[in-house]
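Novice: Going by our numbering, the sequence shown opens with residue 105, and the numbers climb by one from there.
For every residue, glycine included, the Cβ atom is placed at its ideal position computed from N, Cα and C.
Please read these numbers as outputs of a predicted model, since none were measured by experiment.
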Amino acid sequence: MRRQRVQSGTEWEERVGYSRAVRVGDRVLVSGTTATDEAGVIDGDAAAQTTRAIRNVDRALTEAGAGLDDVVRTRLFVTDFEGDWEAVGQAHAEAFGEVRPAATMVEVSRLVDPAMRVEIEVEAVVGGEGS
105 MRRQRVQSGT EWEERVGYSR AVRVGDRVLV SGTTATDEAG VIDGDAAAQT TRAIRNVDRA
165 LTEAGAGLDD VVRTRLFVTD FEGDWEAVGQ AHAEAFGEVR PAATMVEVSR LVDPAMRVEI
225 EVEAVVGGEG S
């Protein structure tokens, strides 16, 4: 099966050897994505960072011919579960609405940059039943 890779252009993709997203057939897998823009990690609370990370995920999905409506699974990694889980969950719910993908949220001791509070990875199925 043909593999379509989506690159965002960061130096890390080449250095670490990964793609922002990979599409194989009707499946799109998006790598762990954080709340970054051209200037780096955005300032903001967990909700703002979650919203930005999902916007970055949506951009990768779009390049792969998918969208948030095609997402079937999310994994959320948070650095302060007790303090942030509700804000992260609310931002996730607002972004996905009735799509309601299968989701996992776990606490991690840290992310690659100490300013990052959340990282999200997703799996999508394009043209699946219910799309």
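For the region 148-211, list the alpha helix (DSSP H) runs that are entirely contained and at least 4 residues long, ordered along the chain.
Specialist: Fully enclosed alpha helix (DSSP H) runs of 4 or longer: 150-167, 185-200.
Novice: For the candidate residues ASP184, VAL210, ALA199, whose alpha-carbon lies nearest to that of ALA219?
Specialist: For ALA219, the nearest C-alpha among the options comes from ASP184.
Novice: In three-state terms, what does DSSP make of ALA219?
Specialist: ALA219: coil per DSSP, three-state reduction.
Novice: Taking DSSP as the reference, what is the three-state secondary structure of VAL120?
Specialist: VAL120: helix per DSSP, three-state reduction.
Novice: By DSSP's criteria, THR140 is part of a beta bridge. Which residues make up the other side?
Specialist: Answer is VAL145.
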